[in-house]
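Enquirer: Same order as they appear, the protein sequences are chains A and B. Taking our numbering, I'd label the letters of the first sequence as residues 7 to 790. Taking our numbering, I'd label the letters of the second sequence as residues 6 to 289. Where is the CB? At the ideal position from N, CA and C, for every residue including glycine. Since we're looking at a predicted model, the values are computed, not measured. Okay, here's the structure, questions in a sec.
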Amino acid sequence: MAVTKLFGASVKRREDPRMITGRGSYTDDIHLAGTLSLAILRSPHAHARIRGIDVGRARGMPGVVAIYTGRDLQDKLAPVPCAWLPPNTDLKVPEYRAIAIDKARYVGDAVAAVVAEDRYAAQDAVDAIQVDYEVLPAIVEQEKATHDGAPQLYDSVPNNVAFHWVLNGGDVEGAFASADLVVSQTLLNQRLIPNAMEPRGAVASYNPGSGELTLWCTSQNPHIHRLLMSAVTGIPETRVRVISTDVGGGFGSKIPFYAGEMIASAISRDLGRPVKWTEDRRENYVATTHGRDHVDYVDVAARRDGTVTGLRVRTYANMGAYLSTAAPGVPTWLFGLILSGPYKIGAIGCEVFGVVTNTTPTDAYRGAGRPEATYILERMMDLVAGRLGMDPVDVRRKNFIPAGEFPYATPTGLLYDSGNYDGSLDRALEMVDYPGFRRRQEAARAQGRLLGIGFSTYVEVCGLAPSQAAGAMGFQGGLWESATVRVHPSGKVSVFTGSSPHGQGEETTFAQLVGDELGIPIDDVEIVHGDTGRIPFGMGTYGSRSVAVGGTALFKALGKVRDKASRLAAHLLEVSPDDIVFDQGRFHVKGAPDRVKTFPEVAGAAYLAWSMPPDMNPGLEETYFHDPSNNVFPFGTHVCEVEVDPETGKVAFQRYVAVDDVGRVINPMIVDGQVHGGIAQGLAQAVYEFAAYDDNGQLLSGSMMDYAVPDAAMLPTFEVERTETPTPVNPMGVKGAGETGTIASTPAVVNAIIDALSPYGIKHLDMPLTPERVWQAIQAREGR
Amino acid sequence: MYPAAFDYYRAASVDEAIKLLGQHPDAKLLAGGHSLLPLMKLRLAEPPALIDLARVPGLSGIKSSGDRIVIGATTTYHEVLTSDVIKSSLPMLAEAAAIVGDLQVRNRGTIGGSLAHADPASDMPAVILALDGQVKVVGPNGERTIGASDFFVDLFTTALQPGEVLTEVSIARPAAGTGMAYEKFAHPASGYAVVGVAAVAARDGSTVRVAITGAGPVAKRASAVEQALHGKQLAADAVKAASAHATDGMDLNGDIFASEQYRAHLAQVLTERALNRAVGNARG
Chain A
7 MAVTKLFGAS VKRREDPRMI TGRGSYTDDI HLAGTLSLAI LRSPHAHARI
57 RGIDVGRARG MPGVVAIYTG RDLQDKLAPV PCAWLPPNTD LKVPEYRAIA
107 IDKARYVGDA VAAVVAEDRY AAQDAVDAIQ VDYEVLPAIV EQEKATHDGA
157 PQLYDSVPNN VAFHWVLNGG DVEGAFASAD LVVSQTLLNQ RLIPNAMEPR
207 GAVASYNPGS GELTLWCTSQ NPHIHRLLMS AVTGIPETRV RVISTDVGGG
257 FGSKIPFYAG EMIASAISRD LGRPVKWTED RRENYVATTH GRDHVDYVDV
307 AARRDGTVTG LRVRTYANMG AYLSTAAPGV PTWLFGLILS GPYKIGAIGC
357 EVFGVVTNTT PTDAYRGAGR PEATYILERM MDLVAGRLGM DPVDVRRKNF
407 IPAGEFPYAT PTGLLYDSGN YDGSLDRALE MVDYPGFRRR QEAARAQGRL
457 LGIGFSTYVE VCGLAPSQAA GAMGFQGGLW ESATVRVHPS GKVSVFTGSS
507 PHGQGEETTF AQLVGDELGI PIDDVEIVHG DTGRIPFGMG TYGSRSVAVG
557 GTALFKALGK VRDKASRLAA HLLEVSPDDI VFDQGRFHVK GAPDRVKTFP
607 EVAGAAYLAW SMPPDMNPGL EETYFHDPSN NVFPFGTHVC EVEVDPETGK
657 VAFQRYVAVD DVGRVINPMI VDGQVHGGIA QGLAQAVYEF AAYDDNGQLL
707 SGSMMDYAVP DAAMLPTFEV ERTETPTPVN PMGVKGAGET GTIASTPAVV
757 NAIIDALSPY GIKHLDMPLT PERVWQAIQA REGR
Chain B
6 MYPAAFDYYR AASVDEAIKL LGQHPDAKLL AGGHSLLPLM KLRLAEPPAL
56 IDLARVPGLS GIKSSGDRIV IGATTTYHEV LTSDVIKSSL PMLAEAAAIV
106 GDLQVRNRGT IGGSLAHADP ASDMPAVILA LDGQVKVVGP NGERTIGASD
156 FFVDLFTTAL QPGEVLTEVS IARPAAGTGM AYEKFAHPAS GYAVVGVAAV
206 AARDGSTVRV AITGAGPVAK RASAVEQALH GKQLAADAVK AASAHATDGM
256 DLNGDIFASE QYRAHLAQVL TERALNRAVG NARG
């Protein structure tokens, strides 16, 4: 197919006008008559036995309709399920009740639920519930949690180790035995709080007459929510409809299936009235999953010339108090498989302890495992360079998988589709004028100023697939995607996609594909998503998969529509289908452009069905379920320049350059936006954001007054460019752009700051590199 | 996000506000609400009643009165930072007001509310202390004037007595030859001062006033710095040496973002920077 005008065009996002004028329809915008407000009493203790709950006074308060404890819902709801069960890991999935029954295991664990006529009355009643807690010792740090004598969350999870995952590729022992040098470093990848603009919420409406539960909720994958809701309530899937049309960001935190929507649904079913639950931000900080939180022990084996021959990683991953829906897959498969990065490393060994602690459960957070792996590689490349006195760029280049070696099989079992790593690095170096920077840096150092530059060359695995691999990894679902293209008699088109955009702009990019493939104006296309009552079963949006997987499903469904329309046009024009040319929405006879049927004419004819080919049924609607043959592998180079104030330790960003390769690009403006947001989030991990608990399990960074989500003034201007290396995995050659920014940026920023601090002999500092942490490090060196 | 129930009264005059405070001793006065309402929404404050001062006539505005500039209690940060009188006579006050909170806070938040609330990390207390301002309060027993140094007592605690309403702050026009500057190290999340230092100084040391917010439980004058420099030429090395005493005798705060030790260090660095800039700004 030739490139037509919409593919590659920066069409303005069609969803924006309604969203930025407050006319979106988010979960909290759903107002049903007779709705009750749900408020959840959450444990103030990280670890406590629940000896008794006195709801007497609360129950009698004005407006209160009902109060539920864990015991009240015990028989109405199965435990919160975990849906990623890595095999061969001695996995233990502890019982996770929507409302805790005997024990609360983190600050924020649900202990009781109140429904009342309004939200204020519900909150008053929550405050009036008396819980008799026996406070137990808490454990917050995952590595300590595995030690003998540490507080135990569950009898069934000895030493708090929920699973032990091991992956070995190549001769790891041999690589280290024959290494010229081994560079070792412990790396902390701190806990983060996702902070979607829209907090989570649910409106559950159970109709006792039809037995149908309609659930509006903040989901990145409404069919997964439907499947799991059916499983925990026993309501048949045919009687559960989940609607998540407008969702205000997710970053992975809206993949999981949570207690909140379960409680709302069970109570609605119990009372026969709609129930609404909307988190406030403070509740969001404890009740929505967190991300990252690794302790990584890393060894690199290398030769004196900078060739990295082996990588060994031992990780303690903090799972929080329970295993959230996809949580066990994040620090294992999504992390270990990509530990080769863009480098040809012969041997890679990785073992991961998934540890439960008295903290908010963790799960996927933008990048999910891949930022953790990339951080390890990119920090270690700098450390190897430092040890050998080499330039960090040279070490990277030395180890790159050459452009001629694709497809490339990593020792971890991935098959990289396509790449040109030198290409993006070359362009980035040109943009930053690397030799010029080093000269400026030297001159600045002579004046006592601390300039630094940091590189991150990365590979991402996204468009996760195929379903067979999902099964082998223990993911309890497929990794395909669906699309239905329904052409209406007027020639207007509705697309029903299983992708579930919540900020990614598919209402625009998918419409661009339709416009090109069917030759119709973009305004004639509607993209329907996020409603299980309307769309075919779909897997949702996460892992930068929507375009590569959902987009390909749509592309193939469009091809089927066009083929049928073409055959019908041939029939109507009384020629062979081989003699039809489709161009700009017109089917015409080869060599006779005036013998033509327009796309709307053919659509109308398909529904009139007055004259159809003998083997053709009426109508013009096609569905395609696409299961890709492989993942796709975006890559690129990010470069950050900083200046550190030696007096305060504060970092000022001087420049940020990103050269990404996400394959072919449908809408450059949307991809730029995704990259900008991703860089902001990854940069924030490097210097601003951190979730902090005290030893008793109290979340100290429990609000936006303490947890520093950056605003624009705290970020540099992003200079974003791209190279384009199409993937052979799908016909459009597209990869994914949702997570490259968070994956690449964190180590680029950290490496820049460490480079700036190198005159002090500082080789590594753990994130976040807050002013005080940087200042303390300088003090420690100066004091020597 | 859902405050407990409360009664709401709108005072038409300062006298009525004082009367209402007498009738509802646990009530809180409401000005811009940008400190109080978030606390109420989190149920960290559950006052039974609010007495709204927003529409009390004459409580807002900036005027010159002899050698003093008088700012009404319900004057917003926005009015302060855009006022020509403030910009020309008390530029540090405009400079600080411009970096309080965000646009919404600056449009609604008031200078009187900030002073009366005495948040340990807010900007205005340090600025008013360094400007040696005076606060006027009116209560059931009449009116009194309190110097800034006596006004800020402790964490969220001022010299305001029960039943009293802060009505205005007044500041003497600075003497010729003095300059002023406010240096703030903002918290990346809250925007509050981790440490903020306000300095008013003349190059010859005839005037040296330094006040620090954020470092401790309450904004305070850095008297050791002032004494070390008083009457001396404010050369860079003298300023540096004196700044080392920025937190002498001061209790210090520590939190997950900045330890006591780091706050003390920041106070020294910002004191030096504020003084040097103040001297650089000195006119006439």
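Taking a cut of 7 Å between CB atoms, which residues from the region 286-304 of chain A lie near chain B?
Expert: Residues D286, R288.
Enquirer: At what residue ranges does the region 312-381 of chain A contain a whole run of the alpha helix (DSSP H), taking only runs of 4 or more?
Expert: 339-342
Enquirer: Any Cβ of chain B within less than 8 Å of the Cβ of M7/A?
Expert: Annotation note: pLDDT 38 at M7/A (below 50); position unreliable, coordinate value reported separately. Closer than 8 Å: no.
Enquirer: Could you spell out where the alpha helix (DSSP H) holding T748/A opens and where it closes?
Expert: 746-762
Enquirer: Could you compute how far the alpha carbon of R57/A sits from the alpha carbon of V137/A?
Expert: 8 Å
Enquirer: Pick helix, strand or coil for D155/B, following the three-state DSSP scheme.
Expert: helix
Enquirer: Reducing DSSP to helix, strand and coil, say where T515/A ends up.
Expert: helix
Enquirer: I'd like to check one pair, P228/A with G546/A: are the Cβ atoms closer than 8 Å?
Expert: yes
Enquirer: Using a beta-carbon distance cut-off of less than 7 Å, what residues from the region 217-248 of chain B approach chain A?
Expert: none
Enquirer: Just the chain B side, please: which residues come within less than 7 Å of R125/A by C-beta, in chain order?
Expert: Y7
Enquirer: Using a Cβ-Cβ cut-off of less than 7 Å, list which residues of the region 643-662 of chain A approach chain B; keep chain order.
Expert: E653, T654
Enquirer: So, are the CB atoms of R402/A and L420/A less than 8 Å apart?
Expert: No, the pair does not count as a contact, with Cβ atoms beyond the cut-off.
Enquirer: Determine, using beta carbons only, whether T729/A comes closer than 8 Å to chain B.
Expert: No, its Cβ sits nowhere closer than 8 Å to a Cβ of chain B.
Enquirer: Can L12/A be considered in contact with the ligand ZN, in the sense that its beta carbon sits closer than 7 Å to one or more heavy atoms?
Expert: Annotation note on the ligand ZN: not contained in the displayed structure, which lists no ligands.
Enquirer: Thinking just about the alpha-carbon of each residue, which of P620/A, A475/A, R298/A is nearest to the one in N636/A?
Expert: Of the candidates P620/A, A475/A, R298/A, the one whose C-alpha sits nearest the C-alpha of N636/A is A475/A.
Enquirer: Considering only the alpha carbon of each residue, which of L49/B, K225/B, D12/B, S119/B lies closest to A78/B?
Expert: S119/B
Enquirer: Do you know offhand how far T163/B's Cα is from V142/B's?
Expert: 11 Å
Enquirer: Per DSSP, which residues does V587/A bridge with? Please list them.
Expert: H594/A
Enquirer: Out of curiosity, what's the CA-to-CA distance linking M97/B and P30/B?
Expert: 36 Å
Enquirer: Could you pull out every residue in the same chain whose Cβ sits closer than 8 Å to the Cβ of F593/A, ignoring the five residues on either side in sequence?
Expert: A571, S572, A575, A576, L579, I586, V587, V602, K603, T604, F605, V608
Enquirer: With DSSP run on the structure shown, which of helix, strand or coil describes F412/A?
Expert: Looking at F412/A - three-state DSSP - the assignment turns out to be coil, as it is neither helix nor strand.
Enquirer: Measure how close the beta-carbons of S274/A and T239/A come, nearest whole angstrom, since I'm counting them as under 8 Å.
Expert: The pair is not a contact, with the Cβ atoms about 10 Å apart (cut-off 8 Å).
Enquirer: According to a CB-to-CB cut-off of less than 9 Å, which residues of the region 253-266 of chain B neighbour chain A?
Expert: D260, I261, F262, A263, S264, Q266
Enquirer: In this structure, how does DSSP classify R48/A when only helix, strand and coil are distinguished?
Expert: strand
Enquirer: Could you tell me how far apart the beta carbons of I541/A and T514/A are, in whole angstroms, since I believe they sit closer than 8 Å?
Expert: At roughly 18 Å, the Cβ-Cβ gap does not stay under 8 Å, so I541/A and T514/A are not in contact.
Enquirer: Tell me which residues share the same chain as M710/A and place their Cβ nearer than 7 Å to its Cβ, disregarding the 5 neighbours each side in the sequence.
Expert: R287
Enquirer: Going straight from the alpha carbon of Q139/B to that of P130/B, what length do you get?
Expert: 11 Å
Enquirer: Could you tell me if D667/A is buried or exposed, where buried requires 16 or more neighbouring beta carbons within 10 angstroms of its beta carbon?
Expert: buried
Enquirer: Just the C-alpha distance for I749/A and E179/A, rounded to the nearest angstrom, thanks.
Expert: 29 Å
Enquirer: Can you list, in chain order, the residues of the region 705-726 of chain A whose Cβ is nearer than 9 Å to any Cβ on chain B?
Expert: L706, S707, S709, M710, M711, D712, Y713, A714, V715, P716, D717, M720
Enquirer: Against chain A, which members of the region 172-193 of chain B pass a CB distance test of less than 9 Å?
Expert: F190, H192, P193
Enquirer: Just to confirm before moving on: does the CB-CB distance between G335/A and V362/A stay below 8 Å?
Expert: Taking 8 Å as the cut-off, the beta carbon of G335/A is found no closer than this to the beta carbon of V362/A.
Enquirer: What is the C-beta distance between I759/A and V650/A, in whole angstroms, given that I count them as a contact (C-beta under 8 Å)?
Expert: 6 Å
Enquirer: Within 10 Å of its beta-carbon, does R568/A have 16 or more other beta-carbons around it, so buried, or fewer, so exposed?
Expert: buried
Enquirer: What are the residues of the region 767-781 of chain A that lie near chain B, defined by any Cβ-Cβ distance shorter than 9 Å?
Expert: Taking 9 Å as the upper bound on Cβ-Cβ separation, chain B lies near residues T776, P777, E778, W781 of the region 767-781 of chain A.
Enquirer: Roughly how many angstroms separate the alpha carbons of D700/A and D260/B, rounded to a whole number?
Expert: 11 Å
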